[in-house]
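Numbering (our numbering), first residue to last: 40 to 199. Just so you know, even glycine gets a beta-carbon here, dropped at the ideal spot from N, CA and C.
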């Protein structure tokens, strides 16, 4: 299946990552995100070596590592300040750290930039009001009154 028209609902980590992979695969991707400001909470996250490997597969590894802080081990200290352990991590990508600490806004910036570079159209402040799957595709009515027709819809909006 090539050259599909794909709607991704949700412009967070999952939706942007899906858009990068799908765009690199030759598909036309539209992302809708309900937040018109595309706000991201400023907390940091730690991502292990499997995520480093996935970033390489997506073709975003250098931007991703540059936006964070790489490390290969964690040191454990007790309240007195005495170090009691060093826990090493294994690298899965040669020449890159095993783990990465990154702020969500920095990660979001990398993913958003790379999704656009992969050809994704990003529409902010828009939701899907209705989806109708007829077996040959999905017709979508958006909250701004527009409509669209897609071969596939990916739900990445964080709701159950």
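> Does the region 77 to 91 come close enough to the region 135 to 147 that 3 or more CB-CB pairs lie under 8 angstroms?
Replying inline: Per the Cβ contact rule, the region 135 to 147 is in contact with the region 77 to 91 (3 or more Cβ pairs under 8 angstroms).
> Do you know whose CA, among 134, 93, 123, lies nearest residue 56's CA?
Replying inline: Position 17 of the chain shown, counted from the start, is the residue given in the question as residue 56. If we check each option's Cα against that of residue 56, 93 comes out closest.
>> Since residue 157 and residue 45 should fall inside the 8 angstroms C-beta cutoff, what is the C-beta to C-beta distance between them, to a whole number of angstroms?
In response: On the chain shown, residue 157 is found 118 positions in, with the first residue counted as 1. On the chain shown, residue 45 is found 6 positions in, with the first residue counted as 1. Wrong, their Cβ atoms sit about 12 angstroms apart, outside the cutoff.
> How would you label residue 89, buried or exposed, when you count the other beta carbons within 10 angstroms and need 16 or more for buried?
Replying inline: Translated into positions along the chain shown, residue 89 becomes position 50. Counting Cβ neighbours within 10 Å, residue 89 comes out exposed, since fewer than 16 surround it.
> Considering only residues of the same chain and omitting the five flanking positions on each side of residue 33, which have a CB-CB separation below 6 angstroms?
Replying inline: Only positions 40 to 199 of the chain appear in this structure, which leaves residue 33 out of reach.
> What are the residues that DSSP puts in a beta bridge with residue 116?
Replying inline: Counted from its first residue, the chain shown places residue 116 at position 77. 122, per the DSSP bridge assignment.
> For residue 129, does the count of other Cβ atoms within 10 angstroms reach 16, so buried, or fall short, so exposed?
Replying inline: For the purposes of this step, residue 129 is identified with residue 90 of the chain shown, where counting begins at 1. Exposed, because fewer than 16 other Cβ atoms sit within 10 Å of the Cβ of residue 129.
>> From the DSSP secondary-structure annotation, give me the bridge partner or partners of residue 132.
In response: Taking the chain shown and counting its residues from 1, the one referred to as residue 132 is at position 93. Under DSSP, residue 132 takes part in no beta bridge, so it has no partner.
> Between the beta-carbon of residue 112 and the beta-carbon of residue 136, is there less than 7 angstroms?
Replying inline: One-based indexing of the chain shown puts residue 112 at position 73. One-based indexing of the chain shown puts residue 136 at position 97. No, the Cβ-Cβ distance between residue 112 and residue 136 is not below 7 angstroms.
> Nearest CA to the CA of residue 91: which residue from 165, 110, 69, 47?
Replying inline: Here the question's residue 91 lines up with position 52 in the chain shown. Check the Cα spacing between residue 91 and each of 165, 110, 69, 47: the tightest is with 110.
> From residue 199 to residue 188, what distance separates their C-alpha atoms?
Replying inline: On the chain shown, residue 199 is found 160 positions in, with the first residue counted as 1. On the chain shown, residue 188 is found 149 positions in, with the first residue counted as 1. Caution applies to residue 199, whose pLDDT of 49 falls short of 50 and renders its modelled position unreliable; the value that the coordinates give is listed next. Cα to Cα, residue 199 sits roughly 24 angstroms from residue 188.
> Sorted by chain position, which residues of the same chain lie with C-beta nearer than 7 angstroms to residue 190's C-beta, five sequence neighbours on each side aside?
Replying inline: Locating residue 190 in the chain shown gives position 151, counting from the first residue. Excluding residues within five positions, the ones whose Cβ falls inside 7 angstroms are 43, 44, 45, 176.
>> Less than 7 angstroms between the C-beta atoms of residue 167 and residue 179, yes or no?
In response: As a first step, residue 167 must be located in the chain shown, where it is residue number 128. As a first step, residue 179 must be located in the chain shown, where it is residue number 140. Cβ distance < 7 angstroms, so residue 167 and residue 179 count as in contact.
> For residue 47, which beta-bridge partners are listed by DSSP?
Replying inline: Stepping through the chain shown from its first residue, residue 47 is reached at position 8. In the DSSP secondary-structure assignment, residue 47 is bridged to 70, 193.
> What's the C-alpha gap between residue 116 and residue 172?
Replying inline: As a working note, residue 116 is residue 77 in the chain shown. As a working note, residue 172 is residue 133 in the chain shown. If you take the alpha carbons of residue 116 and residue 172, they lie about 55 angstroms apart.
> Out of 49, 107, 186, 160, which has the shortest C-alpha to C-alpha gap to residue 72?
Replying inline: Position 33 of the chain shown, counting from 1, holds the residue named residue 72. Checking every option, the nearest Cα to that of residue 72 belongs to 49.
>> Nearest by alpha-carbon distance to residue 103: which of 165, 153, 184 is it?
In response: In the chain shown, residue 103 corresponds to position 64, counting from 1. Measuring from the Cα of residue 103, the nearest candidate turns out to be 153.
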